[in-house]
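So for the sequence shown, my numbering puts the first residue at 42; every next one is plus one.
A virtual CB, placed ideally from N, CA and C, is assigned to each residue, including glycine.
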Amino acid sequence: MRILLIEDDKKTSDYIAKGLTEAGHICDVLADGRDGLFAATSGSYDVIVADRMLPSLEGLSLVKSARAAGTRTPVIFVTSVSGIEDRVDGLEAGGDDYLVKPFAFSELLARINALGRRPPPQDRQTVLKVADLEMDLISRRVSRAGVEIELQPREFRLLEVLMRGTGRVITRTMLLEQVWDFHFDPKTSVVETHVSRLRTKIDKPFDVPLIQTVRNTGYSLRVGG
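Pasting the structure below:
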């Protein structure tokens, strides 16, 4: 499964992410509530693991906002906030499960696997479209104006992140985390290089460019400048 972990305590997030990776899952880690909300609403994940005490946007508000935006991905709160009313608040906010710290990783893994076995929503999006650009997430095919475009796996993931955030600004930091799993700045031009290659394939052969540069911030996929 692809799992989103939203946890600002690095020791805890490293511990959980390592265990999930060793169990065969893909784990993306974010430490900020607002970034977590953006990722949670992208539709890219099978299960979301969220702390309640987060910077920028606390966990309950994050999940409420994600549910209001139509996100149906199962969510498990993993938090030190342990009162009965706190658990009730977490479930009423849209959480599917609630685990109190400290916890045994085996229990967390079992709960995540249980959530992942739930039947997927029937309306889960499998095709992304922006103008004449289309991405099929099942067949892993991309086309524009009916012309099939060959992308490398990293280019495909980069384009997927941009398309899921259509019209919004995707920062360089978000791309490093969601495409390369870097939770630090490698001080390289890896993002710029891959965006340039992607533009060559999906923009250059066509009349209307879709990938827009947002100066000093990142990129946005949209029609028009």
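Among the options, nearest to residue i - alpha-carbon criterion
i    : options                   : result
E26  : E175, T112, S147 and G60  : Because the chain here runs from 42 to 266, residue 26 falls outside it and cannot be looked at.
D130 : E99, D69 and V183         : E99
D69  : L239, T241, H224 and S230 : H224
R209 : H66, T62, I252 and R128   : I252
P250 : E218, V171 and P227       : V171
P227 : H235, A81 and L217        : L217
V255 : G136, Q219, I211 and T229 : I211
A110 : L95, M94 and G84          : G84
R108 : L95, V220 and L132        : L132
Three-state secondary structure (DSSP) of residue i
i    : result
Q193 : coil
G277 : There is no way to answer for residue 277, as the model of the chain reaches only from 42 to 266.
S261 : strand
V232 : helix
V104 : helix
F118 : strand
D55  : helix
V210 : coil
R158 : coil
V90  : strand
D82  : A quick correction: the sequence has Thr, not Asp, at residue 82. Looking at T82 - three-state DSSP - the assignment turns out to be coil, as it is neither helix nor strand.
Q163 : The pLDDT assigned to Q163 is 49, lower than 50, so where the model puts this residue is not dependable, and the model offers no usable value.
Inter-residue CB distance, residue i and residue j (contact presumed, cutoff 8 angstroms)
i    : j    : result
I117 : D138 : 4 angstroms
S54  : R75  : No, S54 and R75 are not in contact; Cβ-Cβ is about 17 angstroms, not under 8 angstroms.
V122 : V90  : Between V90 and V122 the Cβ distance is about 15 angstroms, and since that is not below 8 angstroms, they are no contact.
V104 : A134 : 5 angstroms
H235 : E191 : Actually they are not in contact, since the Cβ atoms of H235 and E191 sit about 15 angstroms apart, beyond 8 angstroms.
Where residue i falls, given that 16 or more other Cβ within 10 Å makes a residue buried
i    : result
V188 : exposed
M215 : buried
V232 : buried
D92  : buried
I44  : buried
F79  : buried
T82  : buried
G65  : exposed
V183 : buried
V168 : exposed
I179 : exposed
I57  : buried
T241 : exposed
Rounded straight-line distance, which links the Cα of residue j to that of residue i
i    : j    : result
I243 : R185 : 7 angstroms
V141 : D248 : 54 angstroms
L203 : G259 : 11 angstroms
Q163 : D87  : With a pLDDT of 49 at Q163, under the threshold of 50, the modelled position of this residue cannot be trusted, and the question is left open.
S285 : G60  : Residue 285 lies beyond the range of the chain shown here (42 to 266); nothing can be said about it.
L101 : Q193 : 37 angstroms
M156 : P115 : Correcting the residue type first, residue 156 is Leu in the shown sequence and not Met. In a straight line, the C-alpha of L156 is about 6 angstroms away from that of P115.
N154 : D49  : 23 angstroms
K51  : A72  : 8 angstroms
G77  : S106 : 11 angstroms
R205 : T229 : 25 angstroms
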